[in-house]
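Asks: Chains as they are written, first to last, in my numbering: chain R, 1 to 396; chain Z, 1001 to 1200. Provided herewith is a single structure, encoded as structure tokens, for subsequent inquiry.
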């Protein structure tokens, strides 16, 4: 717990930090929604490690412990080349702050990235599956670096601490108190939305300064809206402004489009596809395992729209159709799986899925052919014994 | 609020939760939801959490964060294997899908239900073996799987058994940490599962 002296010291130090920073954030995330200026953003100097007896020092210490845990976590993707690729993008954006940014790629099939005040940055595999190119990834990383440079976590912690203590206190007074709590907590959300908008502006400046196409930042949100609408309906992200911690996706997309202006830049699509190719099938399979078929189909439709001859994504979409098994799904599945098989070098599971559909449709000949192809390609598969049983049953 | 008050409320909350969680020692002959009978050679702890409306029974030897033996009995067509998260669905939106049994599902689809269930918290699940078996007196599927638990990075091993009789699903899963616990408790779990019989 902070002593009075410690708190005063912390606030004072923060004041100094902010005063040294006031010029920089104005340049980095100026509040106008006009296109980001052509000049390079002025970044604050590298942060010194705060003293441990300060509020910020305590926060860093906590994040250091989390980072030590994360470093050992089996969820971290241990691919040096891919990690270096993402780290290099972060460095290109963070410029002088590069030595303080440490990127960890984490295997979790959701769209997320975060950056802690001590420089630990996490990028989840669900995000890497969803972005289309290097510029879109840079937009997200730039946004997170924006939070870091503007010390948003510290601000949020202070705000939450104040509001939580106040909310707890008025919560003691029954229903009236409970309503009061809601008001206080919604204020917390509004504060967070301001930070998100500010980080978007900062991210745009950083990515454009690094030479990326700023319009790709808007594309990220445009692409996500389709998935968000599945559970959120037509007004996804804007239905509950009271509790939403981020600006509505459509608003965000439009604001980013305005901020990007007409300044051109690179997208780095080829480089991104090459860097992530090795992991794509694992990320697709993780997405299928979420069991949220409609969201996955929106994502896979988009990915196939960009690359209609991507055998892995065709397999993934076919597999989702097969598992959902609604009206006409099996026929759609056969079409995708057959196309994947024709393209060449498909995942071996294509043949298992085809075999299972043909078996269900009582087409013994095609089921047998598919199962035999599957076992020939994957003799040590987990379900070998089951498939061999099917083959025995299917043989005349 | 003073520090002393905060501590008092925290202790009160912990005591309330402990008081609401019921742990009952079970042994001898047991019945799951009146539809699946079991004979126990060893005693197990049956756990009921507060406001728990899950469609399965959960037993443990060492505690829920260590090992779990879950049973589903007579899950009907369109029956959920796990309770759907609460909360309203926005207009024009769809509810979060939860693993749901549908009659006519192929064995691999039945296994996928459990794969999705155990990966829903961000854990990473791998199916290591799937084979035909007899479960609860019916032809069914036995599968072995591993789970890398998201909350604490612990590596767990599991076994599952599923059978379908008259358009109803019957199943059991056992899950425990790979290090020491799985091999130590596996025999006890398999002994219970082996005794399963469908009633009616």
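No residue lacks a Cβ here, since even glycine has one placed at the ideal position from N, Cα and C.
#1: My guess is that residue 102 (chain R) and residue 119 (chain R) are in contact by the Cβ rule of under 8 Å, so how many angstroms apart are they, rounded?
#2: Please list the terminal residues of the continuous beta strand (DSSP E) segment that includes residue 1135 (chain Z).
#3: Is residue 1074 (chain Z) close to chain R, meaning its C-beta is less than 9 Å from at least one C-beta of that chain?
#4: Let me check understanding here. Comparing Cα to Cα, which of Z:1155, Z:1151 and Z:1122 lies closest to residue 1182 (chain Z)?
#5: Who are the near neighbours of residue 1200 (chain Z) in its chain, counting only those whose CB is closer than 7 Å to its CB and skipping five residues on each side?
#6: Establish whether the CB of residue 1138 (chain Z) and some CB of chain R are separated by less than 9 Å.
#7: Where do the N-terminal and C-terminal ends of the beta strand (DSSP E) with residue 1162 (chain Z) fall, by residue?
#8: When we look at the beta-carbon of residue 174 (chain R) and count the other beta-carbons within 10 Å, is it buried (16 or more) or exposed?
#9: When the Cβ atoms of the stretch 64 to 72 of chain R are set against those of the stretch 1138 to 1146 of chain Z, are three or more pairs found closer than 8 Å?
#10: Against chain R, does residue 1124 (chain Z) count as a neighbour if the rule is that its beta carbon must be under 9 Å from one of theirs?
#11: Taking 9 Å as the CB-CB limit, is residue 1153 (chain Z) close to chain R?
#12: How about residue 1095 (chain Z): is its C-beta nearer than 9 Å to some C-beta of chain R?
#13: Does residue 1166 (chain Z) have its Cβ less than 9 Å from a Cβ in chain R?
#14: Less than 8 Å between the CB of residue 193 (chain R) and some heavy atom of the ligand COA, yes or no?
#15: What residues of chain Z sit near residue 75 (chain R), judged by a beta carbon separation below 9 Å?
#16: With distances taken Cα to Cα, identify the nearest neighbour of residue 200 (chain R) among R:229, R:136 and R:231.
#17: With residue 1125 (chain Z) and residue 1119 (chain Z) assumed to form a contact (beta carbons below 8 Å), what rounded beta-carbon distance in angstroms separates them?
#18: Just to confirm before moving on: does the CB-CB distance between residue 226 (chain R) and residue 324 (chain R) stay below 9 Å?
#19: Could you give the distance in angstroms between the alpha-carbon of residue 1116 (chain Z) and the alpha-carbon of residue 1099 (chain Z)?
#20: Tell me which residues share the same chain as residue 143 (chain R) and place their Cβ nearer than 7 Å to its Cβ, disregarding the 5 neighbours each side in the sequence.
#21: Which residues mark the beginning and the end of the alpha helix (DSSP H) in which residue 1045 (chain Z) is found?
#22: Have a look at R:155, R:51, R:211 and R:57 and flag the residue whose alpha-carbon is nearest the alpha-carbon of residue 90 (chain R).
#23: Nearest CA to the CA of residue 99 (chain R): which residue from R:305, R:75 and R:46?
#24: Suppose the cutoff is 8 Å on Cβ atoms and the five residues either side in sequence are ignored; what does the same chain contact list for residue 1025 (chain Z) look like?
#25: Please report whether the beta-carbon of residue 6 (chain R) lies at a distance below 9 Å from any beta-carbon of chain Z.
#26: Using DSSP with H/G/I as helix, E/B as strand and the rest coil, what is residue 205 (chain R)?
#27: Taking all protein chains shown into account, decide if residue 178 (chain R) is buried (16 or more other Cβ within 10 angstroms of its Cβ) or exposed.
#28: Between residue 275 (chain R) and residue 82 (chain R), which are expected to be in contact by the criterion C-beta below 8 Å, what is the C-beta distance as a whole number of angstroms?
#29: Starting from residue 1127 (chain Z), find everything on chain R with Cβ-Cβ shorter than 9 Å and list it in chain order.
#30: State the DSSP-derived secondary structure class of residue 115 (chain R), mapped to helix, strand or coil.
#31: Whose C-beta lies closer than 7 Å to the C-beta of residue 208 (chain R) among residues of the same chain, with five residues either side of it excluded?
#32: Let me check understanding here. Comparing Cα to Cα, which of Z:1048, Z:1078, Z:1059 and Z:1169 lies closest to residue 1192 (chain Z)?
#33: Buried or exposed: where does residue 223 (chain R) fall if 16 or more other Cβ atoms within 10 Å of its Cβ makes it buried?
#34: Which chain R residues sit within Cβ distance under 8 Å of residue 1026 (chain Z)?
#35: Looking at the unbroken beta strand (DSSP E) that takes in residue 315 (chain R), where does it start and where does it end?
#36: Within the stretch 44 to 119 of chain R, note down every full beta strand (DSSP E) run reaching 3 residues or more, in order along the chain.
Replies: Result, derived from the coordinates:
#1: Here residue 102 (chain R) is taken as the residue at index 102 of the first chain, counted from 1. Here residue 119 (chain R) is taken as the residue at index 119 of the first chain, counted from 1. Residue 102 (chain R) to residue 119 (chain R), Cβ: 6 Å. Contact.
#2: For the purposes of this step, residue 1135 (chain Z) is taken as the residue at position 135 of the second chain. Unbroken beta strand (DSSP E) run through residue 1135 (chain Z): 1124 to 1135.
#3: By 1-based counting over the second chain, the position of residue 1074 (chain Z) is 74. Taking Cβ atoms only, chain R never reaches closer than 9 Å to residue 1074 (chain Z), which makes this a no.
#4: As a first step, residue 1182 (chain Z) must be located in the second chain, where it is residue number 182. Considering only alpha carbons, the answer is Z:1155.
#5: Position 200 of the second chain holds residue 1200 (chain Z). Once the five neighbours on either side are set aside, the close Cβ partners of residue 1200 (chain Z) are 1035.
#6: Position 138 of the second chain, counting from 1, holds the residue named residue 1138 (chain Z). Chain R contact via Cβ: absent.
#7: On the second chain, residue 1162 (chain Z) is found 162 positions in, with the first residue counted as 1. Where residue 1162 (chain Z) is concerned, the enclosing beta strand (DSSP E) stretches over 1155 to 1165.
#8: The count along the first chain starts at 1 and reaches residue 174 (chain R) at position 174. Confidence in residue 174 (chain R) is poor, its pLDDT being 41 and thus under 50, which makes the residue's placement too unreliable to answer from.
#9: no
#10: Stepping through the second chain from its first residue, residue 1124 (chain Z) is reached at position 124. With 9 Å as the cut-off, residue 1124 (chain Z) counts as an interface residue toward chain R.
#11: For the purposes of this step, residue 1153 (chain Z) is taken as residue 153 along the second chain, with counting starting at 1. Closer than 9 Å: yes.
#12: For the purposes of this step, residue 1095 (chain Z) is taken as residue 95 along the second chain, with counting starting at 1. At least one chain R Cβ lies under 9 Å of residue 1095 (chain Z).
#13: Counted from its first residue, the second chain places residue 1166 (chain Z) at position 166. Judged by the 9 Å Cβ criterion, residue 1166 (chain Z) is not in contact with chain R.
#14: The ligand content of the structure shown is nil, which means the ligand COA is not present either.
#15: Position 75 of the first chain holds residue 75 (chain R). By Cβ distance, chain Z contributes 1122, 1124, 1148, 1150 and 1153.
#16: Indexing the first chain from 1 puts residue 200 (chain R) at position 200. Nearest of R:229, R:136 and R:231 to residue 200 (chain R), Cα basis: R:136.
#17: Your numbering for residue 1125 (chain Z) matches position 125 in the second chain. Your numbering for residue 1119 (chain Z) matches position 119 in the second chain. Their Cβ separation, rounded to whole angstroms, is 4 Å, which keeps residue 1125 (chain Z) and residue 1119 (chain Z) in contact under 8 Å.
#18: Taking the first chain and counting its residues from 1, the one referred to as residue 226 (chain R) is at position 226. Taking the first chain and counting its residues from 1, the one referred to as residue 324 (chain R) is at position 324. No.
#19: By 1-based counting over the second chain, the position of residue 1116 (chain Z) is 116. By 1-based counting over the second chain, the position of residue 1099 (chain Z) is 99. About 7 Å.
#20: On the first chain, position 143 is the one that residue 143 (chain R) refers to. Excluding residues within five positions, the ones whose Cβ falls inside 7 Å are 199, 200 and 203.
#21: Numbered from its first residue, the second chain carries residue 1045 (chain Z) at position 45. Run containing residue 1045 (chain Z): none in the alpha helix (DSSP H); it sits in the beta strand (DSSP E), 1036 to 1048.
#22: Taking the first residue of the first chain as position 1, residue 90 (chain R) is located at position 90. Of the candidates R:155, R:51, R:211 and R:57, the one whose C-alpha sits nearest the C-alpha of residue 90 (chain R) is R:211.
#23: Counting from one through the first chain, the residue named residue 99 (chain R) turns up at place 99. Of R:305, R:75 and R:46, the residue nearest in Cα terms is R:46.
#24: Numbered from 1 along the second chain, position 25 holds the residue referred to as residue 1025 (chain Z). Cβ within range, chain order: 1043, 1044, 1045 and 1046.
#25: Along the first chain, one-based indexing puts residue 6 (chain R) at 6. Low local confidence applies: a pLDDT of 39 at residue 6 (chain R) is under 50, so the model's placement there is unreliable, and no value is given.
#26: One-based indexing of the first chain puts residue 205 (chain R) at position 205. In the structure shown, residue 205 (chain R) sits in a helix (DSSP, three-state: H, G or I).
#27: Here the question's residue 178 (chain R) lines up with position 178 in the first chain. Confidence in residue 178 (chain R) is poor, its pLDDT being 42 and thus under 50, which makes the residue's placement unreliable; the coordinate value appears in the next sentence. Exposed, by the Cβ-count rule.
#28: The residue given as residue 275 (chain R) occupies position 275 in the first chain. The residue given as residue 82 (chain R) occupies position 82 in the first chain. Yes, residue 275 (chain R) and residue 82 (chain R) are in contact; Cβ-Cβ is about 6 Å, under 8 Å.
#29: The sequence position of residue 1127 (chain Z) within the second chain is 127, counting from 1. Those are 382 and 383, listed as they occur along chain R.
#30: In the first chain, residue 115 (chain R) corresponds to position 115, counting from 1. Strand.
#31: By one-based count along the first chain, residue 208 (chain R) stands at place 208. Within the same chain, residue 208 (chain R) has close Cβ partners 36, 214, 263 and 265.
#32: Within the second chain, numbered from 1, the residue matching residue 1192 (chain Z) stands at position 192. Residue Z:1059 is the option with its Cα nearest to residue 1192 (chain Z).
#33: Here residue 223 (chain R) is taken as the residue at index 223 of the first chain, counted from 1. Residue 223 (chain R) should be labelled buried.
#34: Looking up residue 1026 (chain Z) in the second chain gives position 26. Simply none; closest approach about 31 Å.
#35: Counting from one through the first chain, the residue named residue 315 (chain R) turns up at place 315. From DSSP, residue 315 (chain R) is part of no beta strand (DSSP E) but of the alpha helix (DSSP H) over 311 to 324.
#36: 102 to 106 and 113 to 115
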